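Colleague: Let me begin by handing over the structure; questions about it come next.
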Ligand SMILES: NC(=O)c1ccc[n+]([C@@H]2O[C@H](COP(=O)([O-])OP(=O)(O)OC[C@H]3O[C@@H](n4cnc5c(N)ncnc54)[C@H](O)[C@@H]3O)[C@@H](O)[C@H]2O)c1
């Protein structure tokens with residue numbers, strides 16, 4: 192018999208769907224002590240929330256997240272709202288003794304993130320942040336390869352996250368769907384939205400970052416605001432590039448933009464070590480490119496490992512070797528690991544405290560872009 196874990200989800204947009212799908216699937220593929228129960232979804236518009244509840248099988252609907260947190264029948268709160276609401280909801284959820292699964296970035300900045308860490312640590316509630324790319328099997332496999340020492344000393348870490356959806360100057364900012372362009376709701380632009388993913392993966396794979404030097408650009412300076420109807424200054428970064436020193440002595444190069452015409456969600460990273468290199472690309476997410484300098488002779492070259500064998504991370508839980516899985520499975524894996532951690536009473540990474548490190552790096556990147564100076568993290 193599995194133990195129920197009653198989920199209360201706040202927000203039913205893109206991530207609300209990705210997480211609901213994961214809660215519904217996880218026990219069909221993973222043997223777990225806990226089973227998520229879709230107890231309640233919360234959003235301000237009752238009819239839309241009810242329609243979402245009907246589609247995904249939530250038992251009830253709330254229109255005020257404070258009421259959701261007051262419910263005794265909710266064990267875990269899933270925060271799928273825009274970034275400016277993460278802190279208030281997470282601190283209240285911790286005070287109410289709920290486990291918390293919070294979307295990334297953890298907060299609007301690291302000062303807020305620190306308060307959130309203190310709240311969950313004081314309340315001793317299980318907590319995790321949805322940096323889901325760690326749990327794409329090929330990325331988890333990259334971690335295993337690096338930890339085994341196969342790359343030798345690491346010299347370079349390079350990552351990109353490229354999109355092209357905000358190029359039109361007619362695109363408004365703010366409100367449903369476009370809160371990402373509104374600094375008051377998002378905190379920052381591509382830095383907190385996209386580079387945060389690249390940074391989380393990077394520090395997980397290659398260790399901490401010491402200092403950064405960055406540049407940002409806001410190409411469209413003013414946009415109509417959907418909530419006020421007025422043309423207002425744009426406060427987010429449309430593009431950001433930064434260099435950094437990792438604590439292990441390697442050099443980092445990161446770039447993100449929403450102005451790379453032709454790219455929708457091109458997240459790539461490459462790591463160059465003394466003995467070998469690896470490369471990964473979200474558009475081909477179950478492949479890991481591998482170059483091993485120890486292979487001698489004319490056949491030495493890049494090879495492409497199809498990360499779909501039963502011995503690859505998570506893959507033994509899915510189909511038969513050779514059959515691929517996709518984006519949505521990274522969320523299923525995160526739920527599976529979180530539930531396993533609950534059963535063992537152990538924290539599962541990235542906790543709020545882990546995600547705070549990414550937030551501190553984002554803060555240093557944005558500060559450096561303002562001053563033009565190398566900036567220490569933290
Ligand atoms: N892990 C990832 O890869 C990933 C991908 C996309 C978004 N995100 C993060 O997820 C969060 C949500 O992003 P999204 O793309 O799902 O946004 P979205 O705009 O699709 O959905 C946001 C939801 O929040 C709801 N909401 C807003 N204010 C609310 C309030 N006061 N009370 C209750 N509900 C409220 C909206 O109605 C909407 O349902 C953000 O923090 C974002 O950075 C993470």
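Numbering (our numbering), first residue to last: 192 to 569.
Even for Gly, the Cβ is constructed at its ideal location relative to N, Cα and C.
Just so you know, these numbers come straight off a predicted model, no measurement behind them.
1. As a quick exercise: from 437, 538, 327 and 483, pick the residue whose alpha carbon is nearest that of residue 492.
2. By how many angstroms is the C-alpha of residue 458 removed from the C-alpha of residue 334?
3. Have a look at residue 529 and residue 466 and give me their C-alpha separation to the nearest angstrom.
4. Just the Cα atoms here: how many angstroms apart are residue 247 and residue 398?
5. Give me the residue from 331, 201, 468 and 209 with the minimum Cα distance to residue 519.
6. Within a Cβ cutoff of 7 Å, which residues of the same chain sit near residue 512, ignoring the five residues on either side of it in sequence?
7. Can you tell me whether residue 318 is buried or exposed? The criterion is at least 16 other CB atoms within 10 Å of its CB, across all chains shown.
8. Among 215, 313 and 362, whose alpha-carbon lies nearest the alpha-carbon of residue 414?
9. Can you grab the Cα-Cα spacing for the pair residue 305 / residue 521, in whole Å?
10. Nearer than 7 Å: is that true of the beta carbon of residue 294 relative to any heavy atom of ligand 2?
11. Using a 10 Å radius around the Cβ and a threshold of 16 neighbouring Cβ atoms, would you call residue 449 buried or exposed?
12. Confirm the yes/no value for this check: CB of residue 433, any heavy atom of ligand 1, distance under 7 Å.
13. Can you give the beta carbon distance from residue 198 to residue 227, rounded, assuming they're within the 8 Å contact cut?
14. For residue 388 and residue 324, I'd like the C-alpha separation in whole angstroms.
15. Pairs of beta-carbons, one from the segment 428-437 and one from the segment 467-475, closer than 8 Å: are there three or more?
16. Could you say which of 477, 315, 286 and 299 lies nearest to residue 383 if we only look at CA atoms?
17. Give me the DSSP bridge partner(s) of residue 494.
18. Which same chain residues, not among the five before or five after residue 322, have their C-beta less than 6 Å away from its C-beta?
19. Between residue 289 and the rest of its own chain, which residues show a CB-CB distance below 8 Å, the 5 nearest in sequence each way excluded?
20. Do residue 332 and residue 514 have their beta-carbon atoms positioned less than 8 Å apart in this structure?
21. Taking 7 Å as the cut-off, is the CB of residue 378 close to at least one heavy atom of ligand 1?
22. Mapping DSSP to helix, strand and coil, what is residue 487?
23. Could you tell me the boundaries of the beta strand (DSSP E) in which residue 252 lies?
24. Using only the heavy atoms of ligand 1, determine whether one of them is closer than 7 Å to the beta carbon of residue 389.
25. If you measure between the beta carbons of residue 429 and residue 410, is that distance less than 8 Å?
26. Grouping DSSP H, G and I as helix and E and B as strand, with all else coil, what is residue 243?
27. Looking at residue 283 and residue 253, is the spacing between their C-beta atoms short of 8 Å?
28. Considering only DSSP beta bridges, list what residue 447 is partnered with.
29. List the endpoints of the continuous beta strand (DSSP E) containing residue 199.
30. With a threshold of 7 Å, establish whether the CB of residue 273 neighbours any heavy atom of ligand 1.
31. Could you check what DSSP says for residue 292 in three-state terms: helix, strand or coil?
32. Could you give the residue range of the alpha helix (DSSP H) that holds residue 307?
33. In this structure, how does DSSP classify residue 265 when only helix, strand and coil are distinguished?
34. Give the DSSP-derived three-state secondary structure of residue 404 in the structure shown.
Modeller: In brief:
1. Selected option, being the one with the closest Cα: 483.
2. In a straight line, the C-alpha of residue 334 is about 17 Å away from that of residue 458.
3. Near 34 Å, if we compare the C-alpha coordinates of residue 466 and residue 529.
4. Between the C-alpha atoms of residue 247 and residue 398 there is a straight-line separation of about 38 Å.
5. Checking every option, the nearest Cα to that of residue 519 belongs to 209.
6. The beta carbon of residue 512 sits closer than 7 Å to those of 499, 500 and 501, all from its chain and outside the five residues before and after it, given in chain order.
7. Residue environment for residue 318: buried (at least 16 other C-beta atoms within 10 angstroms of its C-beta).
8. Nearest of 215, 313 and 362 to residue 414, Cα basis: 362.
9. If I take the Cα positions, the gap works out to 27 Å.
10. Questions concerning ligand 2 fall outside what the structure shown contains, since the ligands it does hold are ligand 1.
11. Residue 449 is buried by the Cβ-count criterion.
12. No, ligand 1 has no heavy atom inside 7 Å of this Cβ.
13. About 5 Å separates the beta carbons of residue 198 and residue 227, which is inside the 8 Å limit, making them a contact pair.
14. Separation of residue 388 and residue 324 (C-alpha to C-alpha, rounded to the nearest whole angstrom) is 7 Å.
15. No, the segment 428-437 is not in contact with the segment 467-475.
16. Of 477, 315, 286 and 299, the residue nearest in Cα terms is 299.
17. Here residue 494 is bridged, per DSSP, to 481.
18. Here the set comprises 295, 391 and 541.
19. Excluding sequence neighbours, residue 289 sits near 199, 260, 265, 266, 267, 268 and 316.
20. Result no, Cβ atoms of residue 514 and residue 332 do not sit closer than 8 Å.
21. For residue 378, the Cβ stays outside the 7 Å cut-off from all heavy atoms of ligand 1.
22. Three-state DSSP puts residue 487 in coil, outside helix and strand.
23. It spans 251-253 - the beta strand (DSSP E) in which residue 252 sits, taken as one unbroken run.
24. Answer for residue 389: no, Cβ out of range of ligand 1.
25. In this structure, residue 410 lies closer than 8 Å to residue 429 by Cβ.
26. In this structure, residue 243 counts as helix in the three-state DSSP scheme.
27. A distance of 8 Å or more separates the beta carbons of residue 253 and residue 283.
28. Paired residue(s): 352 and 431.
29. Per DSSP, residue 199 is one residue of the beta strand (DSSP E) stretching across 194-201.
30. Yes, the beta carbon of residue 273 sits closer than 7 Å to at least one heavy atom of ligand 1.
31. Three-state result, residue 292: strand.
32. Residues 301-314.
33. When DSSP states are grouped into helix, strand and coil, residue 265 belongs to the coil group.
34. It is a strand residue.
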